[in-house]
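Asks: First the structure, which I've put down as structure tokens, then a few questions once you've had a look.
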Amino acid sequence: MARRIYAVELVAYDPAAGATTTLRYATTGFATRPTDTPASTYFDGRIRQAADVARFLFGAGTTSGRSRTGYGDLVLANGDGGLDGLLLYGLSGRAITIRRGVMGAAYPSAWQTVLVATMEQPEAQGDSLVIRIRDKAADLETPFQATKYAGTNTLPDGLEGVATDLLGKPKPVAYGECTNVPAILVNSAKLIYQVADAALASISAVYDRGIRLGENLDSWGAGASLGTGTDLLQKIATGVYGASPLVPLTIAVGANGKVAYTINGGTSWVVDGSTGFGATNLVAIGFGTVEDSATFPQGYVIAGAAGALRTFSAPGTPTSRTSGFGADTIRAVCYGAHAKTWVAVGDAGKISSSTDYGATWTAQTSGVATALYGVAAGNGIFVAVGAGGVVLTSTDGTTWASRTGGFGASDIWGIVFGQDRFVAVGASEKANVSLNGTSWPAAAVTVGLATYASGGSVILRGVAYDSGLFVAAGEDESIATSVNGFDWTVRNRTSGSTTECYSAARYPDGHWFVLYQDSGLPASGVYQPPAIGTYASTTALQDDSLAPAPGTFKTLVGSGYFRLGSPPAGQVTADIAQGAAAANRTAGQLFAAVLQRAGKSAGDWSAADVTALDAAQSGILGFWTAEETTFAEVLDQIAASVGAWWGVDRLGIYRIQRFTAPSGRPVLQLTANDLLEPLRREATTDDGKGLPTWRTVLRYARNFTVQERDVAWGVTDARRAFLATSWRETVAEDTAVKTAHLLAGQTLEETLLVSSSVAGTEATRRQTLRGRLRHRFTAVLALTEETEVIDLGDVVHLTHPRFNLAGGARFRVVGLEPDARRGRLRLALWGWEDPGPGSVALLPVLAGAGTVT
Numbered sequence: 005m006a007r008r009i010y011a012v013e014l015v016a017y018d019p020a021a022g023a024t025t026t027l028r029y030a031t032t033g034f035a036t037r038p039t040d041t042p043a044s045t046y047f048d049g050r051i052r053q054a055a056d057v058a059r060f061l062f063g064a065g066t067t068s069g070r071s072r073t074g075y076g077d078l079v080l081a082n083g084d085g086g087l088d089g090l091l092l093y094g095l096s097g098r099a100i101t102i103r104r105g106v107m108g109a110a111y112p113s114a115w116q117t118v119l120v121a122t123m124e125q126p127e128a129q130g131d132s133l134v135i136r137i138r139d140k141a142a143d144l145e146t147p148f149q150a151t152k153y154a155g156t157n158t159l160p161d162g163l164e165g166v167a168t169d170l171l172g173k174p175k176p177v178a179y180g181e182c183t184n185v186p187a188i189l190v191n192s193a194k195l196i197y198q199v200a201d202a203a204l205a206s207i208s209a210v211y212d213r214g215i216r217l218g219e220n221l222d223s224w225g226a227g228a229s230l231g232t233g234t235d236l237l238q239k240i241a242t243g244v245y246g247a248s249p250l251v252p253l254t255i256a257v258g259a260n261g262k263v264a265y266t267i268n269g270g271t272s273w274v275v276d277g278s279t280g281f282g283a284t285n286l287v288a289i290g291f292g293t294v295e296d297s298a299t300f301p302q303g304y305v306i307a308g309a310a311g312a313l314r315t316f317s318a319p320g321t322p323t324s325r326t327s328g329f330g331a332d333t334i335r336a337v338c339y340g341a342h343a344k345t346w347v348a349v350g351d352a353g354k355i356s357s358s359t360d361y362g363a364t365w366t367a368q369t370s371g372v373a374t375a376l377y378g379v380a381a382g383n384g385i386f387v388a389v390g391a392g393g394v395v396l397t398s399t400d401g402t403t404w405a406s407r408t409g410g411f412g413a414s415d416i417w418g419i420v421f422g423q424d425r426f427v428a429v430g431a432s433e434k435a436n437v438s439l440n441g442t443s444w445p446a447a448a449v450t451v452g453l454a455t456y457a458s459g460g461s462v463i464l465r466g467v468a469y470d471s472g473l474f475v476a477a478g479e480d481e482s483i484a485t486s487v488n489g490f491d492w493t494v495r496n497r498t499s500g501s502t503t504e505c506y507s508a509a510r511y512p513d514g515h516w517f518v519l520y521q522d523s524g525l526p527a528s529g530v531y532q533p534p535a536i537g538t539y540a541s542t543t544a545l546q547d548d549s550l551a552p553a554p555g556t557f558k559t560l561v562g563s564g565y566f567r568l569g570s571p572p573a574g575q576v577t578a579d580i581a582q583g584a585a586a587a588n589r590t591a592g593q594l595f596a597a598v599l600q601r602a603g604k605s606a607g608d609w610s611a612a613d614v615t616a617l618d619a620a621q622s623g624i625l626g627f628w629t630a631e632e633t634t635f636a637e638v639l640d641q642i643a644a645s646v647g648a649w650w651g652v653d654r655l656g657i658y659r660i661q662r663f664t665a666p667s668g669r670p671v672l673q674l675t676a677n678d679l680l681e682p683l684r685r686e687a688t689t690d691d692g693k694g695l696p697t698w699r700t701v702l703r704y705a706r707n708f709t710v711q712e713r714d715v716a717w718g719v720t721d722a723r724r725a726f727l728a729t730s731w732r733e734t735v736a737e738d739t740a741v742k743t744a745h746l747l748a749g750q751t752l753e754e755t756l757l758v759s760s761s762v763a764g765t766e767a768t769r770r771q772t773l774r775g776r777l778r779h780r781f782t783a784v785l786a787l788t789e790e791t792e793v794i795d796l797g798d799v800v801h802l803t804h805p806r807f808n809l810a811g812g813a814r815f816r817v818v819g820l821e822p823d824a825r826r827g828r829l830r831l832a833l834w835g836w837e838d839p840g841p842g843s844v845a846l847l848p849v850l851a852g853a854g855t856v857t
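Numbering of the sequence shown is given in the numbering used here, commencing with residue 5 and proceeding in unit increments.
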């Protein structure tokens, strides 16, 4: 049989030529044939030792964790100094190809490719030149994010931060779907933040201290149908209900006892047919406050004509109360946390209060006989407003005093407390502000609706506040916003319209609603802002004339930026998505995307592996970082999330496969006669010392910004719980494992998985895989043309008289250690599991018997 030799081709940078060249060496010198590639080219016979690169799926001796990069040495003879010049060449990081074949055979087609790898710089050792070889996985032990903030902003312009904050810090990188990532302030003058250094599919939500910021209010459109037919609604309010978790809720009320609510941000509305109001006209709705949720489950109060008043702990749970209003209409209700008191106001100047969370109500003396249209609480005081410019205040809801509100004789239709102040609105589009509720400017301001559109001034029916923004609503489809109550921006008005906006509210996740009634139809509905405002370029992003409204934000998703309309109160975070669709956010797709970011092209990784992994595990992942890391570490996280291994095969192709029990057709059939050394069973160094696992815990749905204390009061209990921890956990267990293995352990693993169901399925799969006692063996074979093509992850079949293997079993190759000089290949094999009771005749176990004397 013809002797097989090694031939290597290495790419090196020739400093004299200023270009790369290919150098060729062999075990024995030879020249290729004229028909070979390359043709008639000499391979210098200098190889003393072909590179033996040991490679393992994971760390040696383990079956989980990060992949292990292999190394080896190519030793070239240099006793004559003929290779001294090579020390000046550039080899580091460049490619080397090692082949094995017979001299005279067609090159390279008839030669076996043993390894494609990269090199380090050569070293002179005695009469040899040694070139360290590493597989291509080592190429990825490089910084994942090479782009850093330049710190070159000349405020108010720039997107690179300044030298004292962001200079030299990595820009954020995102893949998949990421929740609550910390936004990086790149321009403090314009409140511009960055959450990714490349294009995103969406920035779906932005939060300030856990509260979702609103939409841009440049224009408004009709929302989903309320389902209330021709009955006209005129009050809307937002709050939460329940004990724990708190549930966000927006409710609209109106004629003929109609109550409509949404718990999904206005995507759909439900008509509550179990309120018990019958045909009573309803005009008042108010919510309790979170501060009292520990002693009283959250709820709300709805009231209206003829003193009708009911308390609710949830939709469809009315309790009728006696309001003390008699036949008069209740126009507004509110809860004052400072006094733990509910207050209701209405026609004929009537006021009632409740100190037992709405169970009993006591009529109070207001001192006026005119209608009261609104009431609000804040800064330790209640303020009620009404017809003829009436303003009343009370610290306890019992004793009331008259104040001058600056409206003259004009009716005041609405009042709200927010941003440490009271803002009231009313007839003739007037608005006024008080910091304490008792002292008001002598003259209310005019909002500016008359100058926005012809038709004269209008009545403002209501005002609401949330996240730094006041929103007022009125006749002629009028909507106006303000950050302070004095300076207003008109958002909409249609002169002569039969549609009248009555009140506004904001859903807890950030959606503003303005409730309207169109008397011309007749019908009621809600106006909502359009989708989140966007920018077309970084120039537009920095244009102050295009700044978002206070309490809102606009995005430039193509570059991962967003801009706030007003200064935040605390930590700013965002929910983001990268990848055009869910199918682009899987482990396989993220694996390819990271390799592409590393400068690799499509031919550098196995497309078949990516397709197979996506078919086996199509769950969405989410990865985000603004810290120093490496490409290899990122791939470790991706692979670990779906129970996969990644590495480089002998041909230099990046591979990723889910780690499973060995199955399918083996690449090689082995018996004891094929082994050059006795088969050895190895103790694994896994957690648990190789014992089965009885419990598997997977972490998923990462919260990228843990917020335990810096959370606004309006955040629901459910979201508070989410923000307080980094991960959610799912558990799969098999207590029967501990029957046979008393010291069986459990595993806790972090993943990038987003879905609870996907994480649960994966936890079950891993528990099944590791819940059996499996074995790891070392087998030493001859390094032949047949065995040198075995690669990591392959399946082989082994039959052996020891270890219950007489009937044969499949094993997965988890390690390869070639020894070209001795002509041997050491395989690390994993996967055979102990059969269940009665399934296979086990080998007898010798045990002592009889009596020793």
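Backbone N, C-alpha and C define an ideal beta-carbon position, used for all residues, glycine too.
Since the model is a prediction, treat every value here as computed from it, not as a measurement.
Who does residue 779 pair with in a DSSP beta bridge?
Replies: In the sequence shown, residue 779 corresponds to position 775, counting from 1. In DSSP, residue 779 forms a bridge with 836.
Asks: Considering just the uninterrupted stretch of the beta strand (DSSP E) at residue 625, what are its terminal residues?
Replies: Residue 625 sits at position 621 when you count from the first residue of the sequence shown. Segment: none, residue 625 is in no beta strand (DSSP E) and carries neither H nor E.
Asks: Can you tell me which of 28, 325, 319, 89 puts its alpha carbon nearest to the alpha carbon of residue 277?
Replies: Numbered from 1 along the sequence shown, position 273 holds the residue referred to as residue 277. Checking every option, the nearest Cα to that of residue 277 belongs to 319.
Asks: Tell me, please, which residues DSSP counts as bridged to residue 456.
Replies: Against the sequence shown, residue 456 aligns to sequence position 452. Answer is none; residue 456 lacks a bridge partner.
Asks: Considering only residues of the same chain and omitting the five flanking positions on each side of residue 699, which have a CB-CB separation below 6 Å?
Replies: By one-based count along the sequence shown, residue 699 stands at place 695. Taken in chain order, the residues that qualify are 737, 750.
Asks: Around the Cβ of residue 771, are there at least 16 other Cβ atoms within 10 angstroms (buried) or fewer (exposed)?
Replies: Here the question's residue 771 lines up with position 767 in the sequence shown. Buried.
Asks: Which word fits residue 504, buried or exposed, when buried means at least 16 other C-beta atoms lie within 10 angstroms of its C-beta?
Replies: In the sequence shown, residue 504 corresponds to position 500, counting from 1. Counting Cβ neighbours within 10 Å, residue 504 comes out buried, since at least 16 surround it.
Asks: Check the C-beta distance from residue 551 over to residue 567 and give it rounded, since I have them as a contact under 8 Å.
Replies: For this step, residue 551 is matched to residue 547 along the sequence shown. For this step, residue 567 is matched to residue 563 along the sequence shown. About 7 Å; that satisfies the 8 Å criterion.
Asks: Could I get the ranges of all uninterrupted alpha helix (DSSP H) runs contained in the region 421-505, with 4 residues as the minimum, in chain order?
Replies: Runs of the alpha helix (DSSP H) inside the region 421-505: 453-456.
Asks: Check residue 316 in the structure and name its three-state DSSP category.
Replies: To locate residue 316, count along the sequence shown from 1; it is residue 312. Looking at residue 316 - three-state DSSP - the assignment turns out to be strand.
Asks: If residue 118 and residue 6 are in contact, beta carbons under 8 Å, what's the gap, nearest whole angstrom?
Replies: Within the sequence shown, the letter at position 114 stands for residue 118. Within the sequence shown, the letter at position 2 stands for residue 6. 17 Å between Cβ atoms; not a contact.
Asks: Mind checking residue 572: buried by the 16 CB within 10 Å criterion, or exposed?
Replies: Here residue 572 refers to the residue found at position 568 of the sequence shown. With 16 or more other Cβ atoms within 10 Å, it is buried.
Asks: Comparing C-alpha positions only, which one of 306, 776, 781 sits nearest to residue 696?
Replies: As a first step, residue 696 must be located in the sequence shown, where it is residue number 692. Residue 696 has its Cα closest to that of 776, out of 306, 776, 781.
Asks: Is the region 723-732 close to the region 781-790, with three or more CB pairs under 8 Å?
Replies: The answer is no - the region 781-790 does not touch the region 723-732, with fewer than three Cβ pairs under 8 Å.
Asks: Buried or exposed: where does residue 242 fall if 16 or more other Cβ atoms within 10 Å of its Cβ makes it buried?
Replies: Along the sequence shown, read from residue 1 onward, the residue named residue 242 stands at position 238. By the neighbour-count rule (16 or more Cβ atoms within 10 Å), residue 242 is buried.
Asks: Identify, in the order they occur along the chain, each residue of the same chain with its Cβ nearer than 6 Å to the Cβ of residue 391, setting aside the five sequence neighbours on each side.
Replies: Residue numbering aside, residue 391 sits at position 387 when the sequence shown is read from its first letter. Within the same chain, residue 391 has close Cβ partners 374, 375, 415.
Asks: In three-state terms, what does DSSP make of residue 298?
Replies: Against the sequence shown, residue 298 aligns to sequence position 294. Since pLDDT at residue 298 reaches only 45, below the 50 mark, its modelled position is unreliable, and the value read off the structure follows with that caveat. Looking at residue 298 - three-state DSSP - the assignment turns out to be coil, as it is neither helix nor strand.
Asks: Between the C-alpha atoms of residue 148 and residue 120, what's the straight-line distance to the nearest angstrom?
Replies: Along the sequence shown, read from residue 1 onward, the residue named residue 148 stands at position 144. Along the sequence shown, read from residue 1 onward, the residue named residue 120 stands at position 116. Cα to Cα, residue 148 sits roughly 23 Å from residue 120.
Asks: Bridge partners for residue 245 per DSSP, in chain order?
Replies: Counting from one through the sequence shown, the residue named residue 245 turns up at place 241. According to DSSP, residue 245 bridges with 251.
Asks: CB residue 279 to CB residue 335, shorter than 8 Å?
Replies: The count along the sequence shown starts at 1 and reaches residue 279 at position 275. The count along the sequence shown starts at 1 and reaches residue 335 at position 331. No, they are not a contact pair.
Asks: Going by Cα to Cα distance, which pick from 171, 822, 399, 348 is closest to residue 342?
Replies: On the sequence shown, residue 342 is found 338 positions in, with the first residue counted as 1. The residue with the shortest Cα to Cα distance from residue 342 is 399.
Asks: Flag this pair as touching only if the region 654-674 and the region 607-623 have three or more C-beta atom pairs under 8 Å; answer yes or no.
Replies: Yes, the region 654-674 touches the region 607-623.
Asks: Are the CB atoms of residue 177 and residue 238 within a distance shorter than 8 Å?
Replies: In the sequence shown, counting from the first residue as 1, residue 238 sits at position 234. In the sequence shown, counting from the first residue as 1, residue 177 sits at position 173. Contact: no.
Asks: Where does the unbroken alpha helix (DSSP H) through residue 765 begin, and where does it stop?
Replies: Here residue 765 corresponds to residue number 761 of the sequence shown, with the count starting at 1. Taken as a continuous stretch (DSSP letters only), the alpha helix (DSSP H) holding residue 765 covers 760-774.
Asks: Provide the residue(s) that pair with residue 346 in DSSP beta bridges, ordered along the chain.
Replies: On the sequence shown, residue 346 is found 342 positions in, with the first residue counted as 1. DSSP output for residue 346 lists 339, 358 as bridge partner(s).
Asks: Following the continuous alpha helix (DSSP H) through residue 727, name the residue where it begins and the one where it ends.
Replies: Mapped onto the sequence shown, residue 727 falls at position 723. Here the alpha helix (DSSP H) through residue 727 covers 721-727.
Asks: Please state the DSSP three-state secondary structure of residue 217.
Replies: Mapped onto the sequence shown, residue 217 falls at position 213. In the structure shown, residue 217 sits in coil (DSSP, three-state: anything other than H, G, I, E or B).
Asks: Three-state secondary structure (DSSP) at residue 709?
Replies: The count along the sequence shown starts at 1 and reaches residue 709 at position 705. Note: residue 709 maps to coil in three-state DSSP.
Asks: DSSP three-state call for residue 601: helix, strand or coil?
Replies: Position 597 of the sequence shown, counted from the first residue, corresponds to residue 601. Residue state, collapsed to three classes: helix.
Asks: Quick check: what's the CA-CA separation for residue 368 versus residue 422?
Replies: Residue 368 sits at position 364 when you count from the first residue of the sequence shown. Residue 422 sits at position 418 when you count from the first residue of the sequence shown. Approximately 26 Å between the Cα atoms of the pair.
Asks: Residue ranges of each beta strand (DSSP E) run of no fewer than 3 residues wholly in the region 777-830, ordered along the chain?
Replies: Whole beta strand (DSSP E) segments, 3+ residues: 778-786, 799-803, 813-823.
Asks: Is residue 677 buried or exposed, if buried means 16 or more other CB atoms sit within 10 Å of its CB?
Replies: Numbered from 1 along the sequence shown, position 673 holds the residue referred to as residue 677. Exposed, because fewer than 16 other Cβ atoms sit within 10 Å of the Cβ of residue 677.
Asks: Between the beta-carbon of residue 2 and the beta-carbon of residue 773, is there less than 8 Å?
Replies: With the chain covering 5 to 857 only, the question about residue 2 has no answer from this structure.
Asks: The beta strand (DSSP E) with residue 263 in it runs from where to where?
Replies: To locate residue 263, count along the sequence shown from 1; it is residue 259. 263-266 is the span of the beta strand (DSSP E), which, as asked, contains residue 263.
Asks: Following the continuous alpha helix (DSSP H) through residue 635, name the residue where it begins and the one where it ends.
Replies: By one-based count along the sequence shown, residue 635 stands at place 631. Looking at the DSSP string, the run of the alpha helix (DSSP H) that includes residue 635 is 635-645.
Asks: Is the distance from the Cβ of residue 764 to the Cβ of residue 205 below 8 Å?
Replies: Walking along the sequence shown from the start, residue 764 turns up at place 760. Walking along the sequence shown from the start, residue 205 turns up at place 201. The answer is no: Cβ separation not under 8 Å.
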